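Here the protein sequences come in this chain order: A and B.
Numbering of the first sequence is given in the working numbering, commencing with residue 4 and proceeding in unit increments.
Numbering of the second sequence is given in the working numbering, commencing with residue 4 and proceeding in unit increments.
Glycine included, each C-beta is placed from N, C-alpha and C at the ideal position.
This structure is a prediction, so every number in the text was calculated from the model and none was measured.
Everything on this sheet refers to the single structure shown next.
There are 2 protein chains.
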Amino acid sequence: MDERENRRIVQRLWDAIDRADLEDAGELLHDDYVLEWPQSRERVIGRENFVAVNKNYPGRWRIEVQKLVASGDDVVTDVILSDGEHTERAVSFFQLSGGKILREVDYWPEPYDAPEWREKWVERM
Amino acid sequence: MDERENRRIVQRLWDAIDRADLEDAGELLHDDYVLEWPQSRERVIGRENFVAVNKNYPGRWRIEVQKLVASGDDVVTDVILSDGEHTERAVSFFQLSGGKILREVDYWPEPYDAPEWREKWVERM
């Protein structure tokens, strides 16, 4: 439960994905690694599937880590991914164990139109 | 920067929203409170607007805190909101100052269909 080390490991994961070095990213994962995408009800089990999914992803993503919060075995990141055309936002909850990433849950929030009913109390960014 | 206290304050915020006690929720906010919803590019400035937006929200939300990660002045929560008919997920980044919530950024991830291209490496939840 070394918070600083856990923070470094998750930063290294995003750096490896930014370089499209997926083998290097895979090295940071625990043998029992599980990744969940609750919005699509998908689960990626194990390092091999993680590397395969990312290698087959249609696009070459560059990564900007906006925020990284580490507490005990938990690390949370807020990341912007961009392939030159599209920009995506990922909010990820990581759980670490023994210096490896054991569990990951990713959320992918999409833009939506500001609703009219609340415009009286809200400013536009 | 009392991590345990900050964790308690954010838990109290969600408890107050769960009870629909928005005045109580407002008490936990800093005088310079700002809330951002990046997906809709909206910003709620100050306690009064926070209370007004929530009071006028069409629905009475019950809250289940799934995860709370606190580190220094940062607190992150993963929350399920439910009004009996609909269920929403909120991932929120809080920044605290002097025992009050100074900044909040909320993301609202929505369900989407699992894409076909990756079904070979993915299990369904």
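Within chain A, the residues whose beta carbon sits less than 7 Å from that of residue 42 (chain B) are 112, 113, 114, 115, listed in sequence order. At a C-beta separation below 9 Å, residue 39 (chain B) has these neighbours in chain A: 128. The Cβ of residue 19 (chain A) sits no closer than 9 Å to any Cβ of chain B.
Listed in chain order, the non-local C-beta contacts of residue 108 (chain B) below 6 Å within the same chain comprise 39, 96, local neighbours out to five positions each way being set aside. When the five nearest sequence neighbours on each side are left out, the beta carbons in the same chain lying within less than 7 Å of the beta carbon of residue 103 (chain A) are those of 31, 32, 33, in order along the chain. Not a single CB atom of chain B sits nearer than 9 Å to the CB of residue 86 (chain A). Any Cβ of chain B closer than 9 Å to the Cβ of residue 91 (chain A) would place that residue at the interface, and such an atom is absent. In the three-state scheme derived from DSSP, where H, G and I count as helix and E and B as strand, residue 28 (chain B) is classed as helix. Membership of residue 58 (chain A) in the alpha helix (DSSP H) is indicated by the continuous run 50 to 58. If the five residues before and after residue 112 (chain B) are omitted, its C-beta is found closer than 6 Å to the C-beta atoms of 92, all from its own chain and listed in chain order. Interface flag for residue 55 (chain A) against chain B is set, since a Cβ pair is found closer than 9 Å. If you draw a straight line from the Cα of residue 58 (chain B) to the Cα of residue 115 (chain B), it is about 29 Å long. Using a Cβ-Cβ cut-off of 9 Å, residue 36 (chain B) does not count as an interface residue toward chain A, since no Cβ of chain A sits closer than that to its own. For residue 27 (chain B), the CB contacts under 7 Å within the same chain, skipping 5 residues up- and downstream, are 19 in chain order. The straight-line gap separating the alpha-carbon atoms of residue 60 (chain B) and residue 9 (chain B) is approximately 26 Å. Counting the other Cβ atoms within 10 Å of the Cβ of residue 67 (chain A) gives fewer than 16, which makes it exposed.
When DSSP states are grouped into helix, strand and coil, residue 19 (chain B) belongs to the helix group. Distance check between residue 14 (chain A) and each of A:110, A:46, A:79 places A:79 closest, using alpha-carbon atoms only. Of the other Cβ atoms in all chains shown, fewer than 16 fall within 10 Å of the Cβ of residue 22 (chain A); this residue is therefore exposed. The bridge partners DSSP lists for residue 93 (chain A) are A:82.
In the structure shown, the three-state DSSP call for residue 69 (chain A) is strand.
With a beta-carbon spacing of about 5 Å, residue 77 (chain B) and residue 72 (chain A) fall inside the 8 Å limit used to define contacts. Exclusion of the five residues before and after residue 46 (chain A) leaves 39 as the residues of its chain whose Cβ lies within less than 6 Å of its Cβ. Residue pairing from DSSP places residue 98 (chain A) in a beta bridge opposite A:77, A:106. With a threshold of 9 Å between beta carbons, residue 124 (chain B) makes contact with chain A.
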